[in-house]
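Residue numbers (mature numbering (1 follows the signal peptide of the UniProt record, and there is no 0)): -22 to -1, 1 to 295.
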């Protein structure tokens, strides 16, 4: 009887343990050690407002997640300046262990003879001359706010927005007129989004300013823009806190792609090469208005969606 009683108690305890374990396992997403998910990284760009730049190329030699290289990555040279208006190029598409991750890193190869006897990262000017770009910290760039969670059999499609307008700096050296910005600013030019949680603002612009030159539209998180953003000693110091930017095309259309879900305000600025030195200068910002009830200082963006924001620009400077 004593043995039977002990056996019964043991059986009940084991049953409760396995039941509790089963419930916990069912309620918790499968994470590290329990399987893989699909993981991809694409690159896009905000256009650079420099008439002397024909193209910008970067060579990505590694993609790292929490300090570890992703398996199966191949070195890729990207014409990043061509990846505007929502266009992307895939850097990596493979499998990753299901887990929560805190950091994505992009490693650039900036060697002078890294690619076909030429530099790995460079500006191609209008004379088809290559101007090498060097990267600090052995080329390792940490993408800001790049944490994500991948569940077993799930997927994460990441996009890195490499904003050349912030990343590239003019110099006074005629033999090497461009360089990458210092490490902190260069890393701040990299923006991380996931496709399912990002959307697009697009629209047409009616120009009542009678200004010549180029129109650039900037997107700021709601409430973050101030007039000081349009002030600085050099044009490459302006609008540095903008989330994204884009050029208005010849059809007076613009596209701001891969914006994280949230609310944004738009700012439009006029650029023109006023002194014929090959560099465009910022002339001022426009006054924006719309005939609809759309609030241009609080445009809502939702994941996997497009918000249309048509507006009129008038002289504000």
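All residues carry an ideal CB built from backbone N, CA and C; glycine is no exception.
Helix, strand or coil for residue i? Go by DSSP, reduced to three states.
i           : result
residue 115 : helix
residue 301 : The question about residue 301 has no answer, for the chain in this structure spans -22 to 295.
residue 142 : helix
residue 214 : helix
residue 162 : helix
residue 90  : coil
residue 220 : coil
residue 29  : coil
residue 205 : helix
residue 47  : strand
residue 288 : coil
residue 59  : helix
residue 5   : The predicted position of residue 5 is uncertain, since its pLDDT is 39 and thus under 50; a value taken from the coordinates is nonetheless stated next. If DSSP states are grouped into helix, strand and coil, residue 5 belongs with the helices.
residue 190 : coil
residue 185 : strand
residue 251 : coil
residue 200 : coil
residue 81  : coil
residue 174 : helix
residue 76  : coil
Using only CA atoms, which one of the options lies nearest to residue i?
i           : options            : result
residue 284 : 193, 216, 175      : 175
residue 162 : 127, 171, 146      : 146
residue 172 : 185, 124, 293      : 124
residue 128 : 217, 73, 143, 86   : 73
residue 25  : 140, 291, 152, 187 : 140
residue 267 : 280, 254, 293      : 293
residue 190 : 212, 264, 119, 155 : 264
residue 215 : 149, 60, 226       : 149
Taking C-beta to C-beta, are residue i and residue j nearer than 8 Å?
i           : j           : result
residue 237 : residue 197 : yes
residue 113 : residue 158 : yes
residue 84  : residue 48  : no
residue 251 : residue 258 : yes
residue 295 : residue 274 : no
residue 32  : residue 102 : yes
residue 143 : residue 223 : yes
residue 177 : residue 282 : yes
Would residue i be called buried (16 or more neighbouring beta carbons within 10 Å of its own) or exposed?
i           : result
residue 206 : exposed
residue 116 : exposed
residue 5   : Below a pLDDT of 50, predicted positions are generally treated as unreliable, and residue 5, at 39, falls in that range; the measurement from the model is reported next regardless. So residue 5 ends up on the exposed side.
residue 57  : exposed
residue 210 : exposed
residue 262 : exposed
residue 181 : buried
residue 82  : buried
Of all Cβ atoms in chain B, is any one closer than 8 Å to the Cβ of residue i?
i          : result
residue 17 : Absent from the structure is chain B; it holds one protein chain and no more.
Going by the DSSP bridge assignment, what does residue i pair with across the sheet?
i           : result
residue 21  : 67, 138
residue 103 : 31
residue 244 : 197
residue 168 : 140
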